[in-house]
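Visitor:
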Amino acid sequence: MTKWLSISDVKEKIAATSAEEVTASYLELIGKSSINGYTCTSDGALDTAKMVDKGEVAGPLAGVPIAIKDNISTKGLATTCSSKILEGYVPPYDAHVIERLKEAGAVILGKTNMDEFAMGTSTESSCYGVTLNPWDHERVPGGSSGGSAAVVAAGEAPISLGSDTGGSVRCPAAFCGVVGLKPTYGAVSRYGLISYANSLEQIGPMATCVGDIAAVMDVIGGYDARDSTSIDKKIDHQAALVDDVKGLKIGVPDEYFGEGVDSGTEKAVWDAINKYEEMGASWENVSMPNTKYALAAYYTIAMSEASSNLARFDGTRYGPRNDGENWHVMASRTRAENFGKEVQRRILLGTYALSAGYQDKYYLKALQVRTLVKQDFERAFANFDVLMAPTMPLPAFKIGEKVEDPLSQYLTDVNTVPMNLAGVPCISVPCGSSDGLPVGLQIIGNHFDEATLIRAAYSFEKNTDHNKARPGEVA
Amino acid sequence: MVYENPDGVMVGLEVHVQLNNLNTKMFCGCSTQYHDAEPNTHVCPVCMGLPGALPVINKRAVESAIKIGMALNCEVVEQTQFHRKNYYYPDLPKGFQTTQYDFPIVGNGKVVIEGEDGEHVVRITRAHMEEDPGKLIHMGSIEKSKGTLIDYNRSGMALIEIVSEPDMRSPKEARRYLDKLRNILDYLDVFNGDLEGSMRVDANVSVMGGQRAEVKNISSHKGAERAILYEIMRQKNLLRRGGEVVMETRHFDEARGVTISMRTKEGEHDYRYFPEPDLVPMRVSDWAPAIREELPELPDAKRARLISEYDITEMHAKALTSDIRVADFYEVVAAAIDPRVAGTWVADVLKGELNYRDLSVDSFTTDDIIEIIKLVGEDKVTEQSAVDVIRTILDNGGTPMEVVTEKGLLKVKGDVVTEAVSETIAENEAAVQDYLGGAEKSLNFLVGQVMKKTKGRADARQARELLVEALKD
């Protein structure tokens, strides 16, 4: 079969054959895969497809297969955050987004690999081992939603869900040459998403084209009473699929083209911005002076929240349990044995940052910086419709290259974390390549202005060939 | 008279009130009616702390908290927020407790109690909302137990923690404060105080300006009084022997009536409080006016009103309002008959009989008491017989008329009494002579004889009057 189907391709194929056949062909591809993108596949996938064929399940995504990041709860299907500590855990409930997808008729193919508890930029910290970048098997797929990006790039799923705490959808989208959206904070319910850093993260879709991103968003977006941070604001994403950027005002933040940005990446992004100008948009430089503090603030907040969020994994109610003469020893050993190194590092740093005597210096300071970063965006959006920058300062790095140096890996998040601090939506779209590896253009919008974001991304896609590039055939 | 507080006793109380008559728990839709249920049957992903589950604030719990704050004369905060209190314990399924920290829902209130030297003000520092943890069940005794079972049915129940200043100066004042609190909470109808664990007390106790010890998890008002009494004695003895009271947490052993050190020094715990990211700050100042309007009449106000409206004594008013059900009962009775007479019968007689039997006022009907008081008023039964009727109904059931008929309690007519008086005078010459000789006591004997002859159905006062009259001549 032809790989890399869009949602409309899938629907055509279902009409010509059957949903069951389409799902079966994906499962076959996954079975033969060499990239280690999935942590498991769903036994129920074919059943759902059969129900679609019988007309028992309908909806906008009827029969469309989707891959789900392993930190989104799926009833009856293992959800482990790629961590040993959740080995054997099968949620008794569906996340809100999963309920929505099922109602829309989507077929859940399986769960995708990720950095353990979404902590990483490379998917190397997974207990299942790294996922390979379909463009170059020696390179990482990015992270933390590396599996979700890689399986779409490899044609092993038409669409997928990831989660983005500090770039975890956009980074792998850029590294794997697919489209990935981080919605406005509050636009998609987090109910059922296993928390890493609650105040920062959102579930977001990944796909080969902007239209599919909009279609998934129309299904998973919107208010959910079970998530108190969810906001009741209706956005019609597919209505924004309009090829028109005339008069669009683009801000280009100087700070996102700082030291250490790969020259091939920089060129591809500038080419894209120039293309927009050609298409009728205008651009200007804008200064976002607090960007340089964002990374430190981000890691402080994320680790602080994580230290508390991950406290529940104590071997008492689910997951593996180590022996101990009393409960505290049992819980300590369970955590020491089953959390990976990076997760333990972040729990310890976060615990420290929240401790009495240090909280003022670290956690509270980071919250103040967060306010400053937000103000940077407010000022920018007073003058511009969207901002554009490289998603990642460099293309996919080699497996193992940054494992021993966590700080250098943290630094690669420099262009993606400010949006999580500010809660604004952003999308990464393919915009060319550097040394044969995909480069992502990051488009950033104002709160709940996903429509403008999608219009800008869609227009770029319509007027360029970048998103048609596939592994092994880089344009 | 001013209470001297010779030992410099200072007691502050933290009272955990479980809002067990809300329909659902603090942050999820689970039912609160778990008290007789199988373990772990009233749970869901949220109160089990399953990965990915998120809390949603129970609006009615917040309204209850505001109501309680208002009843304790507290200020209601403009905007309130939840925090995480991080610590590891198996009954805590998330590894943190969702509670409030620097923006408690209400604060700065006061409660007036009957103190050692009259009215005494206990200041309320704050009251905040939080969730109850689950419950640990040790198999066998705690020392020999091979394992511990956890029941998460209680996990996530809404709690209000009411924190007082150290304004109580004796165990008795602490008890009075707790009784008053319970009284107010009953009026507000925010909880069922009869259920196990609905009110749990931590007591901070110090003497002579020394360090305080915190006695944790006392489950009854009487227990609190005993624990504080013991703790004062322990601290005084320690000081007398030249020792020093250390700041520590102690456990109250209810069976032995002693407090035991838990060897956890204050300050050892760092709970790493930080704002709960899954719950946004909540603006509640706008809710306050509507809640204030719905606030029921509270004990002190009701007491004042009963006195002015029904012209009953302060003592009766206090007795009636100490239990809202009794106060409501009384007002129904007072509408049907003379409120002052009703006051005596309900506050003194009925309440006494109920207390003696450890029964609540629900065990008697207003119709029955009205009927009984009317029988007395219409001179059909004596007061003594009326008390007998009340007792019989409480013990064996039946209606007032059934009991009166069965026991033959209808008061006998005057001429029968007159006859009994004549007979008594004729049969007891010695006593009559003694009486006439100035021995007033002999009259009591003669009255007793008349009562005996009439089998108690005569009115003792009437018998006395008739005797005095007859012996005048």
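Taken in order, these protein sequences are the chains called A and B.
The numbering of the first sequence is my numbering, which starts it at -19 and goes up by one.
The numbering of the second sequence is my numbering, which starts it at 5 and goes up by one.
Glycine included, C-beta positions come from ideal geometry on N, C-alpha and C.
When the Cα of residue 30 of chain A is compared with those of A:19, A:45, A:260, which residue comes out closest?
Guide: Ranking the options by Cα distance to residue 30 of chain A, first place goes to A:45.
Visitor: Which whole-angstrom value describes the C-beta separation of residue 451 of chain A and residue 415 of chain A, a residue pair presumed to lie in contact below a C-beta threshold of 8 Å?
Guide: At roughly 14 Å, the Cβ-Cβ gap does not stay under 8 Å, so residue 451 of chain A and residue 415 of chain A are not in contact.
Visitor: Can you tell me which of the three DSSP states residue 438 of chain A falls into?
Guide: helix
Visitor: Counting along the chain, where does the beta strand (DSSP E) carrying residue 360 of chain A start and finish?
Guide: Taken as a continuous stretch (DSSP letters only), residue 360 of chain A belongs to no beta strand (DSSP E), being part of the alpha helix (DSSP H) at 345 to 363.
Visitor: With DSSP as the reference, label residue 160 of chain A as helix, strand or coil.
Guide: strand
Visitor: Using 9 Å as the limit for Cβ to Cβ distance, is residue 66 of chain A near chain B?
Guide: yes
Visitor: Does the beta carbon of residue 30 of chain B come closer than 9 Å to any beta carbon on chain A?
Guide: no
Visitor: Scan the stretch 268 to 297 of chain B for residues whose Cβ lies nearer than 7 Å to a Cβ of chain A and list them as they occur along the chain.
Guide: From the stretch 268 to 297 of chain B, only 274, 276, 278, 281, 282, 283, 284 have a Cβ closer than 7 Å to chain A.
Visitor: In the DSSP assignment, find the unbroken beta strand (DSSP E) run with residue 113 of chain B in it and report its ends.
Guide: 110 to 119
Visitor: Counting only beta-carbon separations shorter than 9 Å, does residue 334 of chain A have a partner in chain B?
Guide: Output row for residue 334 of chain A: interface = yes.
Visitor: Among all the DSSP beta bridges, which residues are the ones paired with residue 18 of chain A?
Guide: A:92, per the DSSP bridge assignment.
Visitor: Under three-state DSSP, which class holds residue 411 of chain B?
Guide: helix
Visitor: Measure the CB-CB distance between residue 98 of chain A and residue 51 of chain A and report whether it falls below 9 Å.
Guide: yes
Visitor: Residue 134 of chain A by DSSP, collapsed to three states: which one?
Guide: coil
Visitor: List the residues of chain B whose Cβ lies closer than 8 Å to the Cβ of residue 331 of chain A, in chain order.
Guide: 276
Visitor: By the DSSP assignment, the alpha helix (DSSP H) with residue 333 of chain B in it spans what residues?
Guide: Its alpha helix (DSSP H) spans residues 328 to 340.
Visitor: Taking 9 Å as the CB-CB cut-off, is residue 463 of chain A touching chain B?
Guide: Outside the shown range of chain A (-19 to 455) lies residue 463 of chain A, about which nothing can therefore be said.
Visitor: Which word fits residue 270 of chain B, buried or exposed, when buried means at least 16 other C-beta atoms lie within 10 angstroms of its C-beta?
Guide: Because residue 270 of chain B sits at a pLDDT of 48, beneath the cut-off of 50, its placement in the model cannot be relied upon, and the following sentence gives the value as read from the coordinates. Burial call: exposed.
Visitor: Tell me, please, which residues DSSP counts as bridged to residue 100 of chain B.
Guide: B:90
Visitor: In the DSSP assignment, find the unbroken beta strand (DSSP E) run with residue 132 of chain B in it and report its ends.
Guide: First-last of the beta strand (DSSP E) with residue 132 of chain B: 122 to 135.
Visitor: Which same chain residues, not among the five before or five after residue 95 of chain B, have their C-beta less than 7 Å away from its C-beta?
Guide: 137, 138, 139, 140, 154
Visitor: Could you tell me the distance, in whole angstroms, from the CA atom of residue 364 of chain A to the CA atom of residue 25 of chain B?
Guide: 53 Å
Visitor: Skipping 5 residues on each side, what residues in its chain have a beta carbon closer than 8 Å to that of residue 69 of chain A?
Guide: 58, 59, 60, 298, 299
Visitor: Does any CB atom of chain B fall closer than 9 Å to the CB of residue 150 of chain A?
Guide: no
Visitor: Under three-state DSSP, which class holds residue 424 of chain A?
Guide: Looking at residue 424 of chain A - three-state DSSP - the assignment turns out to be strand.
Visitor: If you measure beta-carbon to beta-carbon, which residues of the stretch 284 to 309 of chain A are closer than 9 Å to chain B?
Guide: 284, 285, 287, 288, 289, 290, 291, 292, 293, 294, 296, 297, 298, 307, 308
Visitor: Tell me the DSSP secondary structure of residue -17 of chain A in three-state form.
Guide: coil
Visitor: For a cutoff of 9 Å on Cβ pairs, would you count residue 152 of chain B as touching chain A?
Guide: yes
Visitor: Beta carbons nearer than 8 Å to chain E: which residues of the stretch 111 to 141 of chain B have them?
Guide: As a matter of chain content, chain E is missing from the structure shown, whose protein chains are A and B.
Visitor: Is the beta carbon of residue 397 of chain A less than 9 Å from the beta carbon of residue 275 of chain A?
Guide: yes
Visitor: Let me see if you follow: with CB-CB separation under 9 Å, is residue 171 of chain A close to chain B or not?
Guide: Closer than 9 Å to some Cβ of chain B, the Cβ of residue 171 of chain A qualifies, so yes.
Visitor: Name the two residues that bound the continuous alpha helix (DSSP H) containing residue 324 of chain A.
Guide: 321 to 334
Visitor: So that I know if they touch, is there some Cβ in chain B lying closer than 9 Å to that of residue 464 of chain A?
Guide: Residue 464 of chain A lies beyond the residue range present for chain A, which begins at -19 and ends at 455; the question has no answer from this structure.
Visitor: Quick one: what does DSSP say residue 237 of chain B is sitting in, helix, strand or coil?
Guide: It is helical.
Visitor: Just the C-alpha distance for residue 127 of chain B and residue 73 of chain B, rounded to the nearest angstrom, thanks.
Guide: Looking at the two C-alpha atoms, the distance is approximately 12 Å.
Visitor: Given this structure, state the Cα-to-Cα distance separating residue 243 of chain A from residue 236 of chain A, to the nearest angstrom.
Guide: Their backbone Cα atoms lie some 13 Å apart in a straight line.
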